[in-house]
Amino acid sequence: MIETVLAAVVALAVGGGAGYVLRKNVAEGKLATAEEKAGRMIKEAEEAIEAKKKESLMEAKEEIHR
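With the sequence shown counted from 1, adding 1271 to any position gets you our numbering.
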């Protein structure tokens, strides 16, 4: 009887620890993926802003030369 209870407690502890580690690893992976995606989005937005800035500058120069 005591062996069964002890085995159940040990199994619960091992399972809980394994579940914690697994959940932590999954969460860290999702966080890293989200950070990479956010970085790409920021870079793309900065590139789009720079392109729009150059386009606007060219249009302004053309307008001045007319």
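No residue lacks a Cβ here, since even glycine has one placed at the ideal position from N, Cα and C.
Alpha-carbon to alpha-carbon, residue j and residue i
i	j	result
Thr1304	Ala1322	27 angstroms
Val1280	Lys1308	42 angstroms
Ala1298	Thr1275	34 angstroms
Lys1325	Ala1331	10 angstroms
Gly1286	Arg1294	12 angstroms
Lys1301	Val1292	14 angstroms
Glu1318	Met1329	17 angstroms
Boundaries (first-last residue) of the alpha helix (DSSP H) holding residue i
i	result
Met1329	1273-1335
beta-carbon residue i near the ligand ATP non-hydrogen atom, thresh 8 angstroms
i	result
Ile1320	Absence of the ligand ATP is noted for the structure shown, with no ligands found whatsoever.
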